[in-house]
Amino acid sequence: MQVRKYHAQSMKEALKLVRRDLGSQAIILSTRALDGGIAGERSAGKQPGVEVIAAIDYDVNSSALETKSFSQSIGSKASLWKDLLSDKVSMGNIRDELKELKKIVKQSTGSYEGERSDFICTELKELKWMAQFLLRQSAPLNYYNFPEHLVHFYCQLLKQGIHEEIVLKLIRKLKQDLSPDALGDRDRVRDSLTSKIEKELLLAGSIDMTPGKTKIAALVGPTGVGKTTTLAKLAALYALDKKRKVALVTIDTYRIAAVEQLKVYAKIMGLPFKTVSSPEEFNKVLTQFSDRDLVLVDTAGRSQRDQFQIKELKSFLRQSFPIEVYLVMSITHKEDNLSAIGDQFGLLPIDRIIFTKLDESYTYGSMINQFFKIKKPLSYFTTGQKVPEDIEIVTKERIISLILSETDIRYC
C-alpha cells in the first residue's frame, strides 16, 4: 500500500492531486483544515487550506469490486463532512451513510484486514463524531460562539473523553477571565487552561511513611486491572530502591495463580509473604508484621456488580491498624464501567487512586472524569508490565501532557 499526504488551497484541488497521482482507486484516509480557522473557515484574515492523506492498495486487481465500494464509501463520507460544515446535512444523511458502511463490512469476505479494517473503524468513529457535532449545534450553546483557540481546546478535551460539562466549565471560565488579546494567543490560552486544570487536581504523591511506624497499604479494585503486578512494582520500589523493610500479604483466596505470582515476586525480592482467608487471620498477620516499614496488601478482584463481595472486602479492611486503601482502575475500561466501579468501590474507605495500563490507551479523559466523580487524590500511574520500572508517581505536568498533547483536531 502506498500512502501520500497532499496540501492544497481547497478540497477540490487536493482531490485532483490525489486522482492525478494515485488514480480513481485511491482511498481518502483523512482530511483536515490548515491555518484557516475552525473547520477550514476563514479566520483573522488567514487563507484556509486543507491536508488530505490518501492511499492506494497495490493489490487492486484481486479485489477490485470491494476496493471500489470501499473507496466510494470513503469518498461519500468525505463529501458528507464537507456538507456538514455547510449546514447541508441532517442526522438522516449520517444514518444512511452508516447503513451503507455497515453493509460493505457485512458483505466483505475477510478481505478487510490490516489497514482496511483500520480504515473502517476510523470511518465509523468519524460518523459518530459527525452525529455528535449536529447534536451540539442544535443545543442552546453553539460552540462557534467561542473564539477560535477556545474552540480548539474545547474540541481537544472532548476528544480525550472528558465530560462536556467539565469542559464547558473550564472553557467558559477562560472566556470570562482572559482579555481579547489573550484569547487570540493560543499559547496564552493553553497556559491559562493548564493553570485552571492544575488547580482542580488533587495529587497524593507516593506512599507516605513515618519513621518508626508501620504503613499498611491495600490495593482494591475489579478483576483484570493489574493490582497484583502493581503491588509487586511498589514492593520492588520500596524494598530494593528505597531499602525499606517490606512485607506482602494477600487476601485473594479466589485466584490461585495470582497468589502464586505474588509468592514468586516475594521470593525473588526476599520478602516475607502471607496468605489470609479471614479478617481475624488478617489482624494476626498485621500484628506479626508490626516491625516492618511497609505492608502491602493484595486483594481479590471484586465485581463492581457484586455488593456482597464488596461488603466482604470491607470487613477485612476494618482493623485496629490504620489501612490506606488504594482504588486501582484501568484507563482502558469503558466510561460506563469506570463509573460503576467508582460507585460500588466507593462503599469502601478509599483514600487514593491508581490508574493502570496508560500504555494501552490513546485517550485519558476518563481519568479526569473519575477524579471529579470520586474526589480522591491520584497517586500512581502504571505504564507497562515491567517490574519495577513501569510505575510512576502522578504529577500535574504528566496529566497535562496526556490530555493536552497536540493532536489532529478536525472536528468535535
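When the letters of the sequence shown are read in order and numbered with this note's numbering, they come out as residues 602 to 1013. No residue lacks a Cβ here, since even glycine has one placed at the ideal position from N, Cα and C.
Proximal residues to residue i (C-beta, below 6 Å), its chain only, five neighbours per side dropped
| i | result |
| --- | --- |
| residue 997 | 799 and 802 |
| residue 606 | 654 |
| residue 750 | 787 and 790 |
| residue 971 | 939 and 943 |
| residue 933 | 958, 961 and 962 |
| residue 839 | 845, 847 and 895 |
| residue 873 | 848 |
| residue 925 | 818 and 952 |
| residue 785 | none |
| residue 612 | 651 |
Helix, strand or coil at residue i according to DSSP, with G and I counted as helix
| i | result |
| --- | --- |
| residue 899 | strand |
| residue 824 | coil |
| residue 759 | helix |
| residue 802 | coil |
| residue 1011 | Residue confidence is low: residue 1011 scores 48 on pLDDT, short of 50, so the model does not pin down where it sits. No coordinate-derived value is stated. |
| residue 818 | strand |
| residue 1032 | The structure shown has nothing for residue 1032, since the chain only spans 602 to 1013. |
| residue 963 | coil |
| residue 750 | helix |
| residue 982 | strand |
| residue 615 | helix |
| residue 780 | coil |
| residue 606 | strand |
| residue 790 | helix |
| residue 1001 | helix |
| residue 872 | coil |
| residue 847 | strand |
| residue 596 | Because the chain is modelled from 602 through 1013, residue 596 falls outside the range shown and cannot be assessed. |
| residue 773 | helix |
| residue 628 | strand |
| residue 861 | helix |
| residue 922 | coil |
| residue 890 | coil |
Outcome for residue i when other beta-carbon atoms lying within 10 angstroms are tallied against a minimum of 16
| i | result |
| --- | --- |
| residue 921 | exposed |
| residue 807 | exposed |
| residue 869 | exposed |
| residue 829 | buried |
| residue 865 | exposed |
| residue 893 | buried |
| residue 757 | buried |
| residue 793 | buried |
| residue 823 | buried |
| residue 923 | exposed |
| residue 642 | For residue 642, the predicted structure reports a pLDDT of 41, less than 50, and the residue's modelled location is therefore unreliable. The matter cannot be settled from this model. |
| residue 687 | Confidence at residue 687 is low in this model, with a pLDDT of 44, below 50, so the placement of that residue is unreliable and no value is reported for it. |
Contact belief for residue i with residue j at Cβ below 8 Å, rounded distance in angstroms
| i | j | result |
| --- | --- | --- |
| residue 994 | residue 981 | 6 Å |
| residue 834 | residue 989 | 5 Å |
| residue 886 | residue 850 | 6 Å |
| residue 852 | residue 883 | 6 Å |
| residue 762 | residue 936 | 7 Å |
Contacting residues, own chain, Cβ-Cβ under 7 Å from residue i (five flanking each side not counted)
| i | result |
| --- | --- |
| residue 891 | 815 |
| residue 567 | For the chain, the structure presents residues 602 to 1013; residue 567 sits outside this window and is missing. |
| residue 985 | 960 and 991 |
| residue 780 | none |
| residue 973 | 767 |
| residue 618 | 607 and 609 |
C-beta contact flag for residue i and residue j at 8 Å
| i | j | result |
| --- | --- | --- |
| residue 914 | residue 949 | yes |
| residue 836 | residue 897 | yes |
| residue 795 | residue 1005 | yes |
| residue 992 | residue 983 | yes |
| residue 760 | residue 797 | no |
| residue 755 | residue 767 | no |
| residue 899 | residue 832 | yes |
| residue 827 | residue 967 | no |
| residue 633 | residue 614 | no |
| residue 770 | residue 747 | no |
| residue 909 | residue 928 | no |
Any chain D beta carbon closer than 8 Å to residue i
| i | result |
| --- | --- |
| residue 762 | Among the chains of the structure shown, chain D does not appear; only one protein chain is present. |
Contacting residues, own chain, Cβ-Cβ under 8 Å from residue i (five flanking each side not counted)
| i | result |
| --- | --- |
| residue 1001 | 795, 798 and 799 |
| residue 657 | 602, 603, 623, 624, 626, 627 and 628 |
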